[in-house]
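Taken in order, these protein sequences are the chains called A and B. For the first sequence, the working numbering assigns the number 1 to the initial residue and increments by one for each residue that follows. For the second sequence, the working numbering assigns the number 275 to the initial residue and increments by one for each residue that follows. Read the structure below first, then the notes.
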Amino acid sequence: MPATALKPEQLFTLDILAPNLVGYQAPQAAHDPAGDWTLSYRLHSLGRVRGPAVGGALGTVALTRKRLDDQRFSLQVTCQKPAGGKFTDKLEARIEARAERLPVAERWTWKSEIVDGDGQRVADSGMERSATAQPDALLFANPPRRTPIHGPWTLAWLLFEAIGRLPREPFAPLSFTLVDDFDQIKPGGALAYAQTQSVILGDRPVQQTRIEELPQGRIHKTSWEMSGGRPVPLHVYHQLGQGIVPWVYWVDDRGRPLLIVSGIEAYVLEAGQK
Amino acid sequence: MSPWCGRQEAMPSSLNIPSAHPSIMDQPDLAARGGTTTRREFLQAGTLGAAAGLSALASPAWSAPAVVQRRPPNFLFLITDQLGLDAIAAHGSRDAHTPHMDRLIARGVTFLESHSSSPVCSPARSSLMTGRMPVETGVISNSRPIHASRPNLGQWLGQAGYESVYCGKWHLPGGYPAEIPGFRVLPVGGGQGDIVDAYCSRACQAWLHQRRQDKPFLLVSSLLQPHDICYFAIQGKQLVPPQLPFASLAGHLPELPPNLHVRPAAPARLDAIKHEGFSDEQWRYYLYIYARQVEMVDAEIGRVLDALEDSGQADNTVVVLTSDHGDGRGRHQHVSKWYPYDEAAKVPLVFSAPGRMPEGLADRTHLVSGIDIMPTLCHLAGIEPPKCSGRSLRPLLEQRNVTWREFVGSEHHIVGRMLRTARYKYVHYEDDPVEQLFDMQADPWETRNLYQDAVYGDVLKDHRRMLAQWQASLEPVEPTPCFEGPGRQPGQGAGGKKA
Numbered sequence: 001m002p003a004t005a006l007k008p009e010q011l012f013t014l015d016i017l018a019p020n021l022v023g024y025q026a027p028q029a030a031h032d033p034a035g036d037w038t039l040s041y042r043l044h045s046l047g048r049v050r051g052p053a054v055g056g057a058l059g060t061v062a063l064t065r066k067r068l069d070d071q072r073f074s075l076q077v078t079c080q081k082p083a084g085g086k087f088t089d090k091l092e093a094r095i096e097a098r099a100e101r102l103p104v105a106e107r108w109t110w111k112s113e114i115v116d117g118d119g120q121r122v123a124d125s126g127m128e129r130s131a132t133a134q135p136d137a138l139l140f141a142n143p144p145r146r147t148p149i150h151g152p153w154t155l156a157w158l159l160f161e162a163i164g165r166l167p168r169e170p171f172a173p174l175s176f177t178l179v180d181d182f183d184q185i186k187p188g189g190a191l192a193y194a195q196t197q198s199v200i201l202g203d204r205p206v207q208q209t210r211i212e213e214l215p216q217g218r219i220h221k222t223s224w225e226m227s228g229g230r231p232v233p234l235h236v237y238h239q240l241g242q243g244i245v246p247w248v249y250w251v252d253d254r255g256r257p258l259l260i261v262s263g264i265e266a267y268v269l270e271a272g273q274k
Numbered sequence: 275m276s277p278w279c280g281r282q283e284a285m286p287s288s289l290n291i292p293s294a295h296p297s298i299m300d301q302p303d304l305a306a307r308g309g310t311t312t313r314r315e316f317l318q319a320g321t322l323g324a325a326a327g328l329s330a331l332a333s334p335a336w337s338a339p340a341v342v343q344r345r346p347p348n349f350l351f352l353i354t355d356q357l358g359l360d361a362i363a364a365h366g367s368r369d370a371h372t373p374h375m376d377r378l379i380a381r382g383v384t385f386l387e388s389h390s391s392s393p394v395c396s397p398a399r400s401s402l403m404t405g406r407m408p409v410e411t412g413v414i415s416n417s418r419p420i421h422a423s424r425p426n427l428g429q430w431l432g433q434a435g436y437e438s439v440y441c442g443k444w445h446l447p448g449g450y451p452a453e454i455p456g457f458r459v460l461p462v463g464g465g466q467g468d469i470v471d472a473y474c475s476r477a478c479q480a481w482l483h484q485r486r487q488d489k490p491f492l493l494v495s496s497l498l499q500p501h502d503i504c505y506f507a508i509q510g511k512q513l514v515p516p517q518l519p520f521a522s523l524a525g526h527l528p529e530l531p532p533n534l535h536v537r538p539a540a541p542a543r544l545d546a547i548k549h550e551g552f553s554d555e556q557w558r559y560y561l562y563i564y565a566r567q568v569e570m571v572d573a574e575i576g577r578v579l580d581a582l583e584d585s586g587q588a589d590n591t592v593v594v595l596t597s598d599h600g601d602g603r604g605r606h607q608h609v610s611k612w613y614p615y616d617e618a619a620k621v622p623l624v625f626s627a628p629g630r631m632p633e634g635l636a637d638r639t640h641l642v643s644g645i646d647i648m649p650t651l652c653h654l655a656g657i658e659p660p661k662c663s664g665r666s667l668r669p670l671l672e673q674r675n676v677t678w679r680e681f682v683g684s685e686h687h688i689v690g691r692m693l694r695t696a697r698y699k700y701v702h703y704e705d706d707p708v709e710q711l712f713d714m715q716a717d718p719w720e721t722r723n724l725y726q727d728a729v730y731g732d733v734l735k736d737h738r739r740m741l742a743q744w745q746a747s748l749e750p751v752e753p754t755p756c757f758e759g760p761g762r763q764p765g766q767g768a769g770g771k772k773a
């Protein structure tokens, strides 16, 4: 039995993520998606050639939102991922944006680097870039580059922020060009509310023993069943578009994206959020 | 295929094609007679330049290359994983939007009869890195190292004065090792293509932006997508659900291939490969996901190409794009790879160096292979290639009239061989009486196996003969140890024993 048993009419499953959700405790604290917050995620890669997926996290992602004024906010993004052996891939970014339903990025900087076990950057492996939004173009610095862009657009990381502020009921899907990973233009994006589902979270495998009486004698049958979880209503949104495997966002009643899954890439919100 | 794909036809988007290519080193054709490129041939071609100023490092089992007269070009070698030749928009895909690969194709020469040496990761990659067939590299299946007697591209160019840098998937044997013989490694890794590729392209971007060396470079940017599609087959129930969860996609999913349910008579090992359990809608969703993953790798390629342009080094850089193998994409009810059908065996091969090579050309005539890349890069660099089975494509890049090979071969399931001639495809597994013969002109979807049709008796005999000759021309080595499997140490094969 999967950790997240769903009713048959529920379209979206978390089956693939279930091994990573055993005993998962969702954050309980209050949360204002339009306020100041930090959300930390475990990054999982769910692809397995042989055997079941295992629960270990591949890396971490931390998002920190700060209100700059009534209309604007900044989003700090920090990612760390082991890169084999003693090395670590690091990515840090800061985005300033307007808090509209589809966030409007104004400027952003990002720094990527590979560091060794002593924290030293591997030579020539790091760079820091910045970008500003113009009416019909993105202007990048270091090195300079002008990339035309038309119509509504947003940065991929901003959707992690925006999803908690969206209505928890059907609305006209948002259509946009996605600027993925800070600089990759992917047209045809669409973000929509799908449905609200009740999901069992926090369950663990428990050994069950059943005694069966047979004419020849009594036998003990043991099995493992998931137990101890509680139903949590989660609001499901999905994102489609060119250059992405569909993203599915699972958001709690307080507007916290708990679980974010794109094919075999998944983000699981850590408990104990600020 | 898209309508502009003709024999050395210009594409609509082509720019002016220079009548001469003075910056390609003017060397005689090495490949005119067929057969392999040898040291003797290269010497006869007068290409041995002075090796002054280039120190030869110690090499255990092969001698260093001789070198070069003037500043050779840089190479940006883009390797994708599981990218079929016709999965690119410029090659006819109606499902994927691939503006960056399209621009590379529009500004270069694309080979439309390009075949993997063995449509599975490690063997194919060993060929890309050595110019040898897998049976000659010792990498006859996944997760084996290249035989010590076979120098890799990084070692070979490195000893000729190149700065050789590798970033991304290696799989010979380790997936993302921090050390690779002959290369400086930009270490990335961890996760599948959806996660790791962005780190790879960013690292390549940073390296191109920051390097200050005067040496020519070989940068291998080895991206993993669209390989993630493997998991959509392996973990099909979870990732390709019976009911399409995204209602807005209904009516917008890719069309099914015409040979989805066609299963020609095949050797048993080949016949055993069949993906079952998908409805037509699931197959179409699978194709939808594959197209998105192709677009994902296209975006990473775009970042690296932009970085090359921004670095100011594009004018002296030859960009090469290929893949280790394709993906089944439902054809013959296949997912993944291994088999000799075109869906797995045909891969993109593009060379682009605007101002140095023709632009906007599609070569659909010459049969080429991943084994040709190493001798081609050596030839373009003016470096004697190691003895190998591949042939330099430079004459074809220059649109010279040359006598080209009659066939190209590939390996499958260790004991299977495929021979592709201009018109036919022939498949033989050494332990199986069932053969395959397809007329690729009349039957490009490989639906009718003609091997028992008496009309094709002579064709079959010819192909058997060619296969025997080809096999005799190769120089096999002992297979290297297989490291595949959890918890196994180098030097250990299956079960923890020495393989």
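In this text, a Cβ means the ideal position worked out from N, Cα and C, and glycines have one as well. Being a predicted model, the structure only gives us computed values, none of them experimental.
In this structure D355(B) touches L498(B) by the C-beta definition: roughly 5 Å separates them, less than 8 Å. About 6 Å separates the CB atoms of A363(B) and H371(B); that is less than 8 Å, so the two are in contact. Runs of alpha helix (DSSP H) with 4 or more residues, each lying fully within the segment 152 to 232 of chain A, are found at 156 to 162, listed in chain order. With its beta carbon less than 8 Å from one in chain A, P451(B) belongs to the interface. Counting along the chain, F506(B) sits inside the alpha helix (DSSP H) bounded by residues 503 to 508.
Its chain contains Q207, Q208, T209, R210 as the residues whose beta carbon lies nearer than 8 Å to that of T222(A), once the 5 sequence neighbours on both sides are disregarded; these appear in chain order. Contact of P519(B) with chain A by beta-carbon distance below 7 Å involves L11, F12.
DSSP, read as helix, strand or coil, puts H238(A) in strand. DSSP assignment within the segment 429 to 506 of chain B yields the following whole beta strand (DSSP E) runs of 3 residues or more, N-terminal first: 437 to 442, 458 to 460, 491 to 496.
An exposed status is given to Q28(A), since fewer than 16 other beta-carbon atoms sit within 10 Å of its beta-carbon. Within the segment 364 to 380 of chain B, the residues whose Cβ lies closer than 7 Å to any Cβ of chain A are, in chain order, H371.
For N348(B), DSSP records a beta bridge to T591(B). Taking C-beta atoms as the reference points, E569(B) and G243(A) count as a pair closer than 8 Å.
With contacts defined by Cβ atoms closer than 8 Å, V462(B) and Y473(B) form a contacting pair.
Cβ-Cβ distances below 7 Å link G47(A) to I264 in the same chain, with the five nearest sequence neighbours on each side left out; the list follows chain order.
At a cut-off of 8 Å between C-beta atoms, V61(A) does not count as an interface residue with respect to chain B. Within the segment 494 to 508 of chain B, contact with chain A at the beta-carbon level (separation under 8 Å) is assigned to D502, C504, Y505, F506, I508. For F87(A), the C-beta contacts it makes with chain B under 7 Å involve A452, P461, in order along the chain. Within chain A, no C-beta atom comes nearer than 8 Å to that of L711(B); the closest sits roughly 33 Å away.
By the C-beta criterion, the segment 711 to 730 of chain B is judged not to be in contact with the segment 378 to 395 of chain B, since fewer than 3 inter-stretch pairs fall below 8 Å. At least one beta carbon of chain B lies nearer than 8 Å to the beta carbon of P246(A).
At a cut-off of 8 Å between C-beta atoms, M127(A) counts as an interface residue with respect to chain B. Between the segment 232 to 246 of chain A and the segment 178 to 187 of chain A, the count of C-beta pairs closer than 8 Å reaches three or more; the two stretches touch. Here the C-alpha atom of Y249(A) lies approximately 24 Å from the C-alpha atom of E555(B).
In the three-state scheme derived from DSSP, where H, G and I count as helix and E and B as strand, K90(A) is classed as strand.
The beta carbon of V104(A) sits closer than 8 Å to the beta carbons of A97, R98, A133, T154 from its chain, once the five residues preceding and following it are set aside; these are given in chain order. Excluding its 5 nearest sequence neighbours in each direction, P167(A) has C-beta neighbours in its own chain below 7 Å: Y193, listed in chain order.
Beta-bridge partners assigned by DSSP to V248(A): H238(A), V261(A). Secondary structure note for I114(A): its beta strand (DSSP E) is the uninterrupted segment 104 to 115. Taking a 10 Å sphere around the C-beta of V729(B), we find fewer than 16 other C-beta atoms and assign the residue as exposed. Against Q466(B), the close residues of chain A are S45, G47, I264, in the order they occur along the chain (beta-carbon pairs closer than 7 Å).
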